[in-house]
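The sequence shown begins at 0 in numbering that gives the first Met the number 0 and counts up one residue at a time. C-beta: ideal position from N, C-alpha, C; glycine also. In this text, all values refer to a predicted model and were calculated from it rather than measured experimentally. Worksheet: one structure, shown below.
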Amino acid sequence: MLAAWDQACVVRAGFDTTADSGYGVKEAADAVSRIAEATVRYGSDQLGRGTVVLLGQAVRSMGTGPAADRRAHLVSSFTKTLADKLTGLTETWPDLVEAADLPMVHKVVGLAMAGHTDLLTWRDEFGPVPEGEHHAMTAALALTAEFVDLVDGPGACGRRLLAELENDLG
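Set out below in structure tokens:
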């Protein structure tokens, strides 16, 4: 899971954004090393599955935090904004995001927003996460983290995801 988060942070660092991903050159290089090690150890399919879990948690986290009371109107427009940004990435980063992979990403985000808590079991019904879809999910996670951090402050999304992961692990 941490390697899946690293992937999203590295992608986010590559975006031209107003939010700070917290990943400079050294941090990105360290993250790439951890991602490579995790890919060898667990396989890219497991990284893809981890990204599905983290994306769902990040989307669900938008209903929590210090701005939860003013967030309702933001969340209502989030899906459209995310879809527009991902579609834009198909043109600016075609090696990362392909249009054919976006329907599954939109479905995962929609289910997470509706409160579905077992996205991984649902996604597993469709077989292994293909590489292109994994990349699109990673981009969606990066954009979601950016949104959460813009609303709740730098690093808020990462702290929530890592705290939830720690709670899940015991």
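For residue i, which residues in the same chain have their Cβ closer than 7 Å to its Cβ, ignoring the five residues on either side in sequence?
i	result
F146	F77
A171	Absent from the structure is residue 171, since the part of the chain shown begins at 0 and ends at 169.
E26	none
Apart from the five residues on each side of it in sequence, which residues of its chain come closer than 6 Å, Cβ to Cβ, to residue i?
i	result
A98	T89
L164	M0
At what residues does the alpha helix (DSSP H) containing residue i begin and finish?
i	result
H105	101-112
S60	That residue, S60, is in no alpha helix (DSSP H); it is neither H nor E in DSSP.
W92	It is not in any alpha helix (DSSP H) - W92 carries neither H nor E in the DSSP assignment.
D5	1-13
D123	118-123
What distance in whole Å lies between the Cβ atoms of residue j and residue i, which are believed to be in contact at a cut-off of 8 Å?
i	j	result
T44	P127	The amino acid at residue 44 is misidentified as Thr; the sequence shows Asp. D44 to P127, Cβ: 5 Å. Contact.
L85	V58	Incorrect: roughly 13 Å between the Cβ atoms, too far for contact.
L160	L53	6 Å
A111	L118	6 Å
L95	V9	L95 to V9, Cβ: 11 Å. No contact.
V107	G55	7 Å
G131	D100	5 Å
Going by beta carbon distance, what residues of the same chain come within less than 8 Å of residue i, once the five residues before and after it are set aside?
i	result
T17	Unreliable placement is indicated for T17, whose pLDDT of 45 sits below 50; no coordinate value is reported for it.
R33	L1, A2, D5
L46	A2, A3, Q6, I34, A37, T38, H133
T50	A3, Q6, A7, V128, H133, M136, T137, L140
Quiz item: Counting only runs that start and end within the segment 140-169, where is the alpha helix (DSSP H) found for 4 or more residues in a row?
Solution: 155-168
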